[in-house]
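Undergrad:
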């Protein structure tokens, strides 16, 4: 059974690589790899936002800003490869073709961003479609999907489960197409999982036990969209 | 001065290639090529929708459905290359890198879709960002942007001009991420031109004089977003 | 044991995809996949001929006409991937290197055309050489090789078996290097199987039981060249 | 005006590179480069035949034999690049896409073989189609096309000009699809120039004045097919 | 006249991009671009060293450490593209083939690292060989080549000029093949410029007037190797 | 357990392919392939030196000279593929990404050179780093590492084992960066195995029993660096 993880860049790299988190996640993936065929799409985090800001400051295009952000997602994927050692395919997949080919190695496949204008959440959704993943697990620094942004609205309530169309509606209000904006899940990604009806789990990445439950399709403290 | 055209697939190929339209568009582009450095992104039209439907009928993934649709966009781009002859770069650009390289030939560059999940309108917006286009001209089978879909709502009013944020708001309600859905302009494309503030013209493609005015940045019967 | 199938485009796509045939063929391949390692090269059929004709009508080169035809072969390969689901490598191989790599997935590998000027029969023969296939099975809409074209010459007699040199001689008279010409087997393909002495079976594709026999190297109603 | 040269490997490399010929040809091309936009496809010659024979001796496939032969064609192309210096595009084009892109450099473009099963004459014909060459000049070690092989048949008569269909008929009898067979012009190449009606000149490569006349479309001692 | 610049990463990015330096360098390159055809190879600087260290800390291979460092060199190249705007080829060349092709655009070409194990100084030397550059200008944070490391040895004396063999001898003692080691010029790079006898100038990058003199082949405060 | 072999070109191809050696080596590799996962990097030998010399003679760059030499390494790799038949991955890996992907086939992977300026010994060291090889075995025409070149200095003494730093020191004196120079082990390769502490065995390639011992990590007549 194939599972795609979309790991928020802010978990992997909030300025510097979070070595403890990277190692803990690697341990979990290694433990589960005999039962699940895993592909992991890594976000860019703070470095991606900073690189993109530098490009803009120098007068570069948004396309170029996104391209530097993509490089940061690949660095993060490499950190996870380093921690996974032999259990990871040794090179970051740069596009869907490379990812699909790497899956045949039987190892854990790491991917970052692909092209400008597209978030790594969208990449994860497209990869899940391509390889026929049973589910997507989204690891971010919030513990599920709320009726509003819980960092701003104290009264926001977390969904334990929701439908694809509910998700799409929530997501529609936020997207801004700049490298490094942080949201629960990109609207395009939402629409992709909705069109293909791919069960998607949203969990707080730092609670590694929740992540495990989500990968295994068990009950967890986050939100399940199906 | 660089101008990117996004040509709706339904204009190029409403089932069969529309030879008259293709030739007329080619004539216009040839006429303008000494003044403007042109890149043309072609949509898939009816064949793209039919191919995607066939894939779904056979049980294939949405990713695969999109991939067949991309092939149709490239066929349409080839028809335009055929009509342009020596004035076109002789091969369809398959990604942004190839398109940027082909621009250095000084010839008209043709492109279709790139990856699944992304419309050719989005490709056009990304290409415009990359090459620093002065404006985008969107050719479709409606004559501008309306307050509502003019095919369904008789009271819909056409904008002669509108702001980027107005456009983004209108577009937010429609997108569905399936190959071949036809809308004025994909929401991601809208957000991309908004983030980069690329002046974009929406014209009815069959009124070739309007298209010329739009390419030249002159007044026309369609809608200007800036 | 590796077997390469060359499937005539007219079987897969006589204008529209032949869903019944595609599903039936997929069923057979799925049934045989544990015993044979299969690669399938798909032809372009009617759409390829029509696309090529459109290119010519618009003044495009024969090279470009062939390129559109190649896109049609890839669409047909995607239809078969859709029908095969998990049993197929999920992406169409675009060249021999990709096909050889995809073979290592253990799944059924789908390929269309490669470069202009070369038929998919030739691609099938080259692929068979590269991967060391035990035999090629050619599925077309005729039920074997005749002394003359059975559609034109009522007195034509079918060979149950023939030598490589007999095949080469017969094929020499027909080839025309235009996308979409339909012949039993391209002359270059004939010469390739002759130089490598690859046993090749010609069967009527719609008689799926004959196809099975041919794949398994058993007696069938078509023609065996060896 | 674009002209494609197909230079026989036996001229460039009859065992060792023929430095005198390579330099003389380079001088001519340099002299003509301001008037003609030149692409040169190089054959493999003796080394190609020897490499292919070694592969066969070791039990390798014909596909692999052809691949080694392709490497030899690229070595020969590099020798010509070396002799042309700044006037050549500095890298050998490995496929038609690279060749078309390199043409935009304005420099002389060098190419060798592309894929197994295809001769460099065929590559030259395809390239001529793609770039819309006005003519092809074939340089070999015979001084034109004869009614029979002049090395074997003393009564063979040289054509000063002939039609495409005459050429196709003559060529049909010889082709064998083994790397390094030496013929006037590969049958597929003949059919390609016939389908696209590309004027083709056959001259003895060592008579450099004849080569110049052929490139310039003037009368020469060889054979013109048109 | 072609000139290759090798710009030390510590100049471009001593932790954060040095916006002032990047802009100043961009101004100079823009000013000189009509007289010199420029290619710029960017080093990785502090981020490259930090990324490589993170990979090692997580147990990753030196190969992977180098790969992350290469990503940092490309980020730095993108910062320079951003500052150069229209005057730069809009995408970073990832290998020599891409760089050679981008040179034909007539614009300033940016490149970072290529493969693990190879410094950007070596990349600059190889690129200079490939495109036939008249000279290389090495910008670093030391103002020339000394008899010993001037940061450690107060008595070190600067060469105003030296021979290739002198340079090779000096360089032989230092190289360590880890991403991010900082030396005047990598030993392999030294040997490459020696074998091709490419005049190479070493200047303190921050003294932009010295850099200009070096690019123009005029006298400057650094070291000339020839 | 993965083992990388670096096979000297002079063993594989001292002017002509050494069929006896190639077959003997292929036999050994085939015998060991169930116990060791093998990758073999082939050198260029005499043909590489001759090709490079021809390029120089014609006025070509050292870059181009290296490129022809790389083609020769790939020819040699193909000869070994031919001899290995089904046990080899059927195509030569052209870069590290292709080699890593081919390793997942479970077959013996063949590689030649990668880019100019880099020896195949260095390629072998980089590949060993990437795939995490347990050891490298270097096959050359000398039977180990000596205190001096045994062909020139009769008093040279062979090391049975030595440290990485001893190796690096010895190697530092020789490297010249010209295609086809023959040394025990390229200095960069030495530094790479030192930085990654990859146990490396140097054996006389023609004593196939010594080669087997080295692959198996057993005692042999050559030199072990660790």
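Protein chains in written order, with this note's numbering: chain A, 9 to 234; chain B, 9 to 234; chain C, 9 to 234; chain D, 9 to 234; chain E, 9 to 234; chain F, 9 to 234. A virtual CB, placed ideally from N, CA and C, is assigned to each residue, including glycine. A quick note: this is a predicted structure, and the numbers were derived from the prediction, not measured.
1. Within 8 Å, do at least three Cβ pairs link the region 157-164 of chain C to the region 109-126 of chain C?
2. Give me the subset of the region 124-154 of chain C whose CB atoms are less than 9 Å from a CB atom of chain F, sorted by chain position.
3. Name the residue from 77/F, 134/F, 73/F whose alpha carbon lies nearest to the alpha carbon of residue 3/F.
4. I need the DSSP call for residue 142/C, collapsed to helix, strand or coil.
5. Kindly provide the ranges of any alpha helix (DSSP H) runs that are 4 or more residues long and lie completely inside the region 169-225 of chain E, ordered along the chain.
6. Using a Cβ-Cβ cut-off of 9 Å, state whether residue 50/D counts as contacting chain F.
7. What separation, rounded to the nearest whole angstrom, lies between the Cα atoms of residue 51/F and residue 19/F?
8. Should residue 96/E go down as buried or exposed, given a rule of 16 or more other Cβ atoms within 10 Å for buried?
9. Please determine, among 55/F, 195/F, 170/F, the residue with the shortest C-alpha to C-alpha distance to residue 84/F.
10. How about residue 269/B and residue 79/B: do their beta carbons lie closer than 9 Å?
11. Which residues in chain C have a C-beta closer than 7 Å to the C-beta of residue 122/D? List them in chain order.
12. To the nearest angstrom, how far is it from the Cα of residue 59/F to the Cα of residue 93/D?
13. Just curious, the beta strand (DSSP E) that residue 232/D is in, first and last residue?
14. Measuring only the C-alpha atoms, how far is residue 44/D from residue 193/A?
15. Counting only beta-carbon separations shorter than 9 Å, does residue 109/D have a partner in chain B?
16. If the cut is a Cβ gap below 9 Å, which residues of chain C does residue 193/B touch?
17. Measuring alpha carbon to alpha carbon, tell me which of 57/F, 67/F, 175/F, 231/F ends up nearest residue 24/F.
18. For residue 15/C, report the span of its beta strand (DSSP E) as first-last.
19. Tell me residue 150/A's beta-bridge partners as DSSP assigns them.
20. Compare the C-beta of residue 188/E with all C-beta atoms of chain D and state if any pair is closer than 9 Å.
21. Is the CB of residue 43/F under 9 Å away from at least one CB in chain G?
22. Looking at C-alpha atoms only, which residue of 71/E, 171/E, 32/E is the closest neighbour of residue 130/F?
23. Could you tell me the alpha carbon to alpha carbon distance between residue 213/B and residue 10/B, rounded to whole angstroms?
24. Between the alpha carbons of residue 69/C and residue 126/C, how many angstroms are there, rounded?
25. Can you give, in chain order, each stretch of the beta strand (DSSP E) that sits fully within the region 23-91 of chain A and has at least 3 residues?
26. Spell out the partners DSSP gives residue 100/A in its beta bridges.
27. So if I threshold CB-CB distances at 7 Å, which residues from the region 63-92 of chain C count as touching chain B?
28. Rounded to a whole number of angstroms, what is the C-alpha to C-alpha distance between residue 87/B and residue 202/B?
29. Quick one: does residue 35/A have its CB under 9 Å from some CB of chain B?
30. With which residues is residue 116/E paired in a DSSP beta bridge?
31. Can you list, in chain order, the residues of its chain with a C-beta nearer than 7 Å to that of residue 218/C? Leave out the 5 residues immediately preceding and following it.
32. CB residue 150/D to CB residue 158/D, shorter than 9 Å?
33. Measuring CA to CA, which of 141/A, 138/A, 177/A is closest to residue 156/A?
34. What does the Cβ neighbour count give for residue 148/B, buried or exposed, with the cut at 16 atoms within 10 Å?
35. Would you say residue 173/C reaches chain D, if we count a Cβ-Cβ gap shorter than 9 Å as a contact?
TA: Reading from the atomic positions:
1. no
2. 138, 139, 140
3. As displayed, chain F neither begins before 9 nor continues past 234, which places residue 3/F out of reach and without an answer.
4. coil
5. 172-179, 195-204, 216-223
6. no
7. 9 Å
8. buried
9. 55/F
10. Absent from the model: residue 269/B. The displayed extent of chain B is 9 to 234, so no value can be given.
11. 123
12. 17 Å
13. 231-233
14. 56 Å
15. yes
16. Result: empty, since nearest Cβ-Cβ is about 26 Å, beyond 9 Å.
17. 57/F
18. 10-15
19. None; residue 150/A has no bridge partner.
20. Interpretation of residue 188/E is limited by its pLDDT of 44, a score under 50 that renders its predicted location unreliable; the figure taken from the coordinates is listed afterwards. No - not a single Cβ of chain D is within 9 Å of the one on residue 188/E.
21. Given the protein chain composition of this structure (A, B, C, D, E and F), no chain G is represented.
22. 71/E
23. 19 Å
24. 15 Å
25. 45-50
26. Paired residue(s): none; residue 100/A is not in a bridge.
27. 63, 65, 66, 67, 68, 72, 75, 76, 79, 82, 83, 86, 87, 89, 90, 91
28. 31 Å
29. no
30. 96/E
31. 211, 212, 228, 229, 230
32. yes
33. 177/A
34. buried
35. no
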